[in-house]
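> I am attaching a structure below and will ask some questions about it afterwards.
This is the structure in structure tokens:
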């Protein structure tokens, strides 16, 4: 499967059962089998295509069973990760109640394409973060170009 990047942001709503319609532009890249988990900063739900999640699992497979810190991370991540998900015929997916509660997702949410995975934010939290990011954007650009030169 060719790599397709996720980009853009889209406002949607969770229904009463915790389902949401995946934006049409994300569906092909997401594929038919994906993992729903928490993002690395624990501020949003993350959805990884199978190939990208397999890369995360490969990294975890190198944790030494005697490494208490590594195992603590792996244990937590795996406890908030739900694999084998797919969209229904309407392009909807169920966001597990455990993740909705941990992130504090309300009815209004925002999908954000983050290159190799998707984030789902509570709309109010995302609006605050986006406003702060816009205010800090120049320094963020400097940081990224200094830390990650091409």
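Residue numbers (our numbering): 166 to 315.
Note that CB positions come from ideal geometry on N, CA and C, so glycine has one too.
Taking the alpha-carbon positions, what's the residue 166 to residue 172 distance?
Within the chain shown, the letter at position 1 stands for residue 166. Within the chain shown, the letter at position 7 stands for residue 172. Here residue 166 scores only 47 on pLDDT, less than 50, and its place in the model should not be relied on; the value that follows carries that caveat. The straight-line gap from Cα to Cα measures roughly 18 Å.
> Among 200, 221, 257, 315, which has the Cα closest to the Cα of residue 179?
For this step, residue 179 is matched to residue 14 along the chain shown. Measuring from the Cα of residue 179, the nearest candidate turns out to be 257.
> For residue 184, which option in 273, 245, 222, 278 has the closest C-alpha, if you only look at C-alpha atoms?
Taking the chain shown and counting its residues from 1, one reaches residue 184 at position 19. Nearest of 273, 245, 222, 278 to residue 184, Cα basis: 273.
> Tell me the residue span of the alpha helix (DSSP H) that contains residue 268.
Working through the chain shown from its first residue, we reach residue 268 at position 103. Element bounds for residue 268: 262 to 268.
> If you reduce the DSSP assignment to three classes, tell me which class residue 213 lands in.
Stepping through the chain shown from its first residue, residue 213 is reached at position 48. Correct three-state label for residue 213: strand.
> If you reduce the DSSP assignment to three classes, tell me which class residue 259 lands in.
Walking along the chain shown from the start, residue 259 turns up at place 94. Residue 259: strand per DSSP, three-state reduction.
> Starting from the C-beta of residue 251, find all residues in its chain whose C-beta is less than 7 Å away, skip the five residues before and the five after it, and write them out in chain order.
One-based indexing of the chain shown puts residue 251 at position 86. Correct list, in chain order: 197, 198.
> Do residue 245 and residue 215 come within 8 Å of each other at the CB atom, strictly closer than that value?
Counting from one through the chain shown, the residue named residue 215 turns up at place 50. Counting from one through the chain shown, the residue named residue 245 turns up at place 80. Contact: no.
> Beta-carbon separation of residue 285 and residue 191 under 8 Å?
Stepping through the chain shown from its first residue, residue 285 is reached at position 120. Stepping through the chain shown from its first residue, residue 191 is reached at position 26. In this structure, residue 191 does not lie closer than 8 Å to residue 285 by Cβ.
> If I measure Cβ to Cβ from residue 289 and keep anything under 8 Å in the same chain, skipping five residues before and after, which residues do I get?
For the purposes of this step, residue 289 is taken as residue 124 along the chain shown, with counting starting at 1. Cβ within range, chain order: 271, 273.
> Within 10 angstroms of its Cβ, does residue 275 collect 16 or more other Cβ (buried), or is it exposed?
As a position in the chain shown, residue 275 is number 110, starting the count at 1. The residue is buried, with at least 16 neighbouring Cβ atoms inside 10 Å.
> Along the beta strand (DSSP E) that carries residue 199, what are the first and last residues, could you check?
Here residue 199 is taken as the residue at index 34 of the chain shown, counted from 1. It spans 199 to 203 - the beta strand (DSSP E) in which residue 199 sits, taken as one unbroken run.
> Decide if residue 195 is buried, meaning its Cβ has at least 16 other Cβ atoms within 10 Å, or exposed.
Looking up residue 195 in the chain shown gives position 30. Label assigned to residue 195: buried.
> Starting from residue 183 and walking both ways along the beta strand (DSSP E), at which residues does that stretch end?
Against the chain shown, residue 183 aligns to sequence position 18. Per DSSP, residue 183 belongs to no beta strand (DSSP E) and is neither H nor E.
> Rounded to whole angstroms, what's the CA-CA distance from residue 181 to residue 261? Just pull it up for me.
Taking the chain shown and counting its residues from 1, one reaches residue 181 at position 16. Taking the chain shown and counting its residues from 1, one reaches residue 261 at position 96. Distance between the alpha carbons of residue 181 and residue 261: 13 Å.
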